[in-house]
Amino acid sequence: MPPAATAQAPITLKMQATWPAGWTLYENFTMFADRVAKLSGGRLKIETLPAGAIVPAFEVLDATHKKVLDGAHAWAAYWVGKNKTAVLFTGGPGGTFGMDYIDVMGWMYEGGGLELYQEFYRDVLKVNVVVFPILPAGPQAFGWFKRPIKNLADFKGMKCRQTGMAAEVFTEMGMRTVNMPGGEILPAAERGLIDCAEWVGGIEDLRAGFHNVWKYHYTPGMHENVTIGELIINGDVWKGLAPDLQEIVKSAATETFFRWWMRWQSQNGDALKELQEKHKVQV
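Taking the numbering used here, I'd label the letters of the sequence shown as residues 580 to 862.
Here it is as structure tokens:
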């Protein structure tokens, strides 16, 4: 009788998000991890970590490149400081304007967009990673303000959290913009360091607690009708996965994209109602 085959130990990949645990964006991350575990029969597990667990939120790309992390759950527009073309793969001014989510995913998977995405990170940003779209988070709200906004003059002198290419647009409109991770917005607002902020909108902003500081919320915004978060995996880690596990990761990312989006849209409607009726926010 031949000896029994030795079962291989499960592979665990340590990945960090750019947002805190408990936020809906993080739930997209954990939904993906759950699907990977189930589809692989437990052979591949994703350890999900919140922003700041190992590296600061805006350092997850470099940390994944250096293999400090096996992967990350992030947003490509955070990398516009490296190259503004990054916005093309997420949304916002200069990005996927004029498209809806089906258009974007069609471009990604049938129009060469995904190949261009990989090429940009590999050859332009010079990072050893692979990337996949995973998180649809739009249309996003215009933002939260300490006072009503009636015209462009009302923006003058307001210090506002903005990020990506949108920050440049709002600077031209008279805002004083500052970039910070989502988890730092509320503490900054409570200390009076900022007068307004753009984050996501709906259920995400309700959970973040922005209504406890600001009572004027404007939606939708002009800057992110379509915006997409990304799954980043170290290139060597990716190559080390068996072909069937690679396919499981890709399938789980696509499934998570659409399943989470359906749930999120329903949550947003309920959240806007709660913000107005329970928390007396002017929307």
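C-beta atoms are modelled at their ideal positions from N, C-alpha and C, and glycine is treated no differently.
Contacting residues, own chain, Cβ-Cβ under 6 Å from residue i (five flanking each side not counted)
i, result
"Phe668", "Ala655, Tyr696"
"Gly761", "Trp598, Trp778"
"Phe637", "Tyr657"
"Phe711", "Leu810, Ala832"
Local conformation of residue i per DSSP, three classes
i, result
"Leu604", "helix"
"Ala832", "helix"
"Thr597", "coil"
"Val805", "coil"
"Asn791", "helix"
"Phe711", "strand"
"Ile827", "helix"
"Gln587", "coil"
"Ala655", "helix"
"His858", "coil"
"Val634", "coil"
"Ile681", "helix"
"Arg740", "strand"
"Phe668", "helix"
"Val549", "Beyond the ends of the chain as shown, which are 580 and 862, falls residue 549; an answer cannot be given."
"Phe749", "helix"
"Asn813", "strand"
"Leu820", "coil"
Proximal residues to residue i (C-beta, below 7 Å), its chain only, five neighbours per side dropped
i, result
"Ser619", "Leu824, Ile827"
"Thr835", "Asn607, Met610, Phe611, Arg614, Ile713"
"Met752", "Leu731, Phe734"
"Val757", "Lys738, Arg740, Ile773"
Supposed close pair residue i, residue j - CB separation, criterion 8 Å
i, j, result
"Thr627", "Thr643", "Going by Cβ atoms, the distance from Thr627 to Thr643 rounds to 14 Å, so no, they are not a contact pair."
"Ala850", "Leu765", "Going by Cβ atoms, the distance from Ala850 to Leu765 rounds to 16 Å, so no, they are not a contact pair."
"Gly670", "Gly717", "6 Å"
"Ile812", "Leu640", "About 11 Å separates the two Cβ atoms, so there is no contact after all."
Residue burial classification, residue i (beta-carbon count within 10 angstroms, cutoff 16)
i, result
"Glu809", "buried"
"Val703", "exposed"
"Asn791", "exposed"
"Met801", "exposed"
"Gln719", "buried"
"Ala776", "buried"
"Phe699", "buried"
Own chain, CB closer than 8 Å to residue i, minus 5 neighbours either side, in chain order
i, result
"Tyr795", "Trp723, Phe724, Lys725, Arg726, Pro727, Ile728, Val860, Gln861"
"Pro589", "Gly621, Arg622, Leu623, Lys624"
"Gln846", "Thr603, Gly781, Ile782"
Margin query: Quick check for students: name the residue ranges of the alpha helix (DSSP H) that lie wholly in the region 683 to 709, counting only runs of 4 or more.
Written below: Fully enclosed alpha helix (DSSP H) runs of 4 or longer: 692 to 698.
Item checked: Whole runs of the alpha helix (DSSP H) within the region 761 to 789, excluding any shorter than 4 residues -> 764 to 769, 781 to 787
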